[in-house]
Amino acid sequence: MKDLRVLSEIALNLINQQQNFNIRIDSVLDTIGRHLNVSRVYIFVDDDEGLTTSNAFEWCNNGIPPQKEELQGIPYELIPSWKSLLEQDGRVFSEDITLLPPDLRAILEPQGIKSLLVYPLKMERVIKGFIGFDENCMIRHWREKDLELLKTISGIIANAYSAELKDRQLKDYSRLLERRVAERTKELEESLTKLEQAQNQMIHQVKMASIGRLAAGVAHEINNPTGFLLSNTQTLSEYVTAFTRILDLYAQWENSSEEKTRETIRREIIRLKSDEEFEFIKEDIRSLLRDSETGVRRISKIVKGLQTFAREENEGFVSVSLTDVAEDSLQVVWNKLKYHCTVEKIFSETPPILGNPGQLEQVVINLLLNAADAVADRGRIVIRTGLRQNPPAVILEVEDDGAGIPQDVRERIFEPFFTTKEGDKGTGLGLAISHGIVERHHGKIELESTLGKGSLFRVVLPLGA
Amino acid sequence: MNVSEPYTLLLVDDDAAVLASLKRQLRKEPFVVESAPNAAEAIALLESSQPMIVMSDHKMPERDGVSLLTEIKNRWPSVVRIMISGFTDMDILVGAINEAEIFRFIPKPWEKDHLIGILMEAAAKYGENIS
Chain A
65 MKDLRVLSEI
75 ALNLINQQQN
85 FNIRIDSVLD
95 TIGRHLNVSR
105 VYIFVDDDEG
115 LTTSNAFEWC
125 NNGIPPQKEE
135 LQGIPYELIP
145 SWKSLLEQDG
155 RVFSEDITLL
165 PPDLRAILEP
175 QGIKSLLVYP
185 LKMERVIKGF
195 IGFDENCMIR
205 HWREKDLELL
215 KTISGIIANA
225 YSAELKDRQL
235 KDYSRLLERR
245 VAERTKELEE
255 SLTKLEQAQN
265 QMIHQVKMAS
275 IGRLAAGVAH
285 EINNPTGFLL
295 SNTQTLSEYV
305 TAFTRILDLY
315 AQWENSSEEK
325 TRETIRREII
335 RLKSDEEFEF
345 IKEDIRSLLR
355 DSETGVRRIS
365 KIVKGLQTFA
375 REENEGFVSV
385 SLTDVAEDSL
395 QVVWNKLKYH
405 CTVEKIFSET
415 PPILGNPGQL
425 EQVVINLLLN
435 AADAVADRGR
445 IVIRTGLRQN
455 PPAVILEVED
465 DGAGIPQDVR
475 ERIFEPFFTT
485 KEGDKGTGLG
495 LAISHGIVER
505 HHGKIELEST
515 LGKGSLFRVV
525 LPLGA
Chain B
133 MNVSEPYTLL
143 LVDDDAAVLA
153 SLKRQLRKEP
163 FVVESAPNAA
173 EAIALLESSQ
183 PMIVMSDHKM
193 PERDGVSLLT
203 EIKNRWPSVV
213 RIMISGFTDM
223 DILVGAINEA
233 EIFRFIPKPW
243 EKDHLIGILM
253 EAAAKYGENI
263 S
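Protein chains in written order, with this note's numbering: chain A, 65 to 529; chain B, 133 to 263.
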């Protein structure tokens, strides 16, 4: 084969990206080996620090034993002349290796080498290994054109090898990058999870704190009626005992025929009635029962309020007009309002929103009743509906010309069980529940108040929420 | 000094049903009972004549029981002060004990025997206070 054909075959082989690099190199070594009919062709690659070198590829002619396995991690320390020859002469060239320095002979002679030619593999001007050709059968006299050819081939292989290494580095780097991205993503996901957990924990703690406050409030609100219910039940038992004793005497009196006995019983009845304050308990038993019934209703109302307060799901959401809700609510409370205040309606067309009409009605009724309480005897309540832009929302306002709300009350007004109303008049749940309902509708309640002039509660419900 | 029956008692609670139930329970006990629905009316009554015992709720609109009983302690120290409340909040108890220096705390709901027992002790305490 002509040298030029060999060269082109090698070059084509090396640039054939379809094939694995190792196979390409093996094939190139095979081509050279056959063309020059040498004993061995091989490539050594240095480690990253350039301290040792290893046989990476080897081609052996028929009958020549391979050396690849033996020649791994050879320290340059053992063959100091090798590198200096490669660096200074640009090759190690010996037609008779017995003329080489002893350090090289010590490693070359056991391999049965008689002649050898080695070119450095330079990548970016640094020696990264070498390509060599051994002749084991004879002292070989290399022809000048063979030397030229091999030098060229070494250059081509060095370039290809360098490109392959860069490609591998690039692939390694991209894998590293992918791994790092994956690691970072995982880290980020983990910290996001931790953050979410911390956030959930905080929300839970805040919830628990408010449940704690709620529980304290519930305890108080329920303990009060429970207190008088228990007391009244005990009293009722005493009343019943008194009634029974008196009735027993009446029965005795009825069954007795003897006038003297009847008179004694009659006196006994009069005495007992006086002792037991019969006339008083006869009247009082009605108010005792009335109080007790009210007490049970109060407890029941608190529990019901709490259920509404605790409910979170958006059940029963339908398309609803806030103006209709306002109109309906006003009808419900009209009888309570009409005697002690005037109510002015200023309604505009409001686009429908998604909400629970019953719950929204509860909010409006609550605001109207609060306003009625605020105006006391004679006052004026204005109920308004309308639209607000940026962001688009429907609004409902309930304004009164009552006493206004002091700052300290304003701060706590939406707290459960916070009330300024006397005794059994307020549960302190009305505005807390209203606040909860409006929040479930993604809205808010705004409050404006001036002492001595009145207050304005504004429900703002976003459109499209 | 032993004070003689009937003992005078002022009840303060904004819940009319509570006042009524207490009065019923004390109907046949040796107490003359007056009541007030808030701190202001209680003070007004005290200014005209002082009972031996004041038993007050804590949570009332405008002015709470700790504040009322503290004023009573300062103005009429011999009047024995009792708090009766459904609130068992630590802060309130601390205020009742440290500021109002109450004689006893009765949690709501209460038991009649317990209540009467405490009121009898309070009457005896009043005797000590004035001797």
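Just so it is clear, CB atoms sit at the ideal spot from N, CA and C, and this is done for glycine as well.
| query | result |
| --- | --- |
| Using DSSP with H/G/I as helix, E/B as strand and the rest coil, what is A:Asn80? | coil |
| So is A:Tyr183 buried or exposed if we call it buried at 16+ other beta carbons inside 10 Å? | buried |
| Compute the distance between the beta-carbons of B:Thr140 and B:Met192, then report whether it is under 8 Å. | no |
| Leaving out five residues on either side along the sequence, give the residues of the same chain with a beta carbon under 6 Å from the beta carbon of A:Arg448. | Ile410, Glu461 |
| Tell me, which residues are paired with A:Asp110 by DSSP? | A:Thr117 |
| Is the stretch 244 to 254 of chain A close to the stretch 132 to 146 of chain A, with three or more CB pairs under 8 Å? | no |
| I need the boundaries of the beta strand (DSSP E) containing A:Gly196, first residue and last residue. | 190 to 199 |
| Just the C-alpha distance for A:Val396 and A:Lys337, rounded to the nearest angstrom, thanks. | 48 Å |
| Taking only the alpha-carbon atoms, compute the straight-line gap between A:Asp110 and A:Glu247 and give it to the nearest angstrom. | 32 Å |
| Terminal residues of the continuous alpha helix (DSSP H) containing A:Thr325? | 323 to 339 |
| Evaluate the contact criterion for the stretch 200 to 216 of chain A versus the stretch 95 to 105 of chain A: three or more CB pairs, one atom per stretch, below 8 Å. | yes |
| Can the beta-carbon of A:Gly196 be found less than 8 Å from the beta-carbon of A:Leu213? | no |
| Which one of A:Ala438, A:Gly450, A:Ile509, A:Val523 has the shortest CA to CA distance from A:Thr553? | Chain A is shown only over 65 to 529; residue 553 of chain A falls outside these bounds and no answer can be derived. |
| Using alpha carbons as the reference points, say which of B:Ala174, B:Pro209, B:Asn134 lies closest to B:Asp189. | B:Ala174 |
| Could you tell me the distance, in whole angstroms, from the CA atom of A:Phe292 to the CA atom of B:Glu231? | 27 Å |
| Could you tell me the distance, in whole angstroms, from the CA atom of A:Asp312 to the CA atom of A:Glu322? | 17 Å |
| In the DSSP output, which residue or residues are listed as bridge partners for A:Arg522? | A:Glu461, A:Glu510 |
| Find the nearest neighbour of A:Ala306 within the set A:Ile445, A:Gln83, A:Phe342, A:Lys324, judged by alpha-carbon distance. | A:Phe342 |
| Going by beta-carbon coordinates alone, are A:Phe108 and A:Thr95 separated by less than 8 Å? | no |
| Quick one, which residues of the stretch 293 to 310 of chain A are near chain B if we go by CB-CB under 7 Å, in chain order? | Leu294, Ser295, Asn296, Gln298, Thr299 |
| A:Asp465 and A:Arg444 - do their beta-carbons sit closer together than 8 Å? | yes |
| For a contact defined as C-beta to C-beta under 8 Å, what are the partners of A:Ala283 on chain B? | Gly218, Phe219, Thr220 |
| I'd like the list of long-range same chain contacts for A:Leu431, defined as Cβ closer than 6 Å, with 5 residues on each side in sequence excluded. | Val462, Phe521 |
| Under 8 Å by Cβ, that's how I've got A:Val458 and A:Thr414 pegged, so tell me the actual separation to the nearest angstrom. | 4 Å |
| Quick one: what does DSSP say A:Tyr225 is sitting in, helix, strand or coil? | helix |
| Do you know offhand how far B:Ala176's Cα is from A:Tyr303's? | 34 Å |
| Counting C-beta neighbours from all protein chains within 10 Å, is the total for A:Lys178 16 or more, i.e. buried, or is it exposed? | buried |
| Considering only residues of the same chain and omitting the five flanking positions on each side of A:Gly507, which have a CB-CB separation below 8 Å? | Ala457, Val523, Val524, Leu525, Pro526, Ala529 |
| Is A:Tyr225 buried or exposed, if buried means 16 or more other CB atoms sit within 10 Å of its CB? | buried |
| Using a Cβ cut-off of 8 Å (strictly closer), state whether B:Ala254 contacts chain A. | no |
| Given this structure, state the Cα-to-Cα distance separating A:Ser295 from A:Leu418, to the nearest angstrom. | 48 Å |
| Would you please verify whether the beta carbon of B:Lys191 is less than 8 Å from any beta carbon of chain A? | yes |
| So that I know if they touch, is there some Cβ in chain B lying closer than 8 Å to that of A:Asn287? | yes |
| Figure out for me which residue from A:Gly176, A:Leu115, A:Ile128, A:Lys132 has the closest Cα to the Cα of A:Trp146. | A:Leu115 |
| Could you please tell me which residues of the stretch 344 to 364 of chain A, in chain order, have their CB closer than 7 Å to any CB of chain B? | Asp348, Ser351, Leu352, Asp355, Thr358, Gly359 |
| Tell me which residues share the same chain as B:Arg195 and place their Cβ nearer than 8 Å to its Cβ, disregarding the 5 neighbours each side in the sequence. | Asn170, Ala171, Ala172 |
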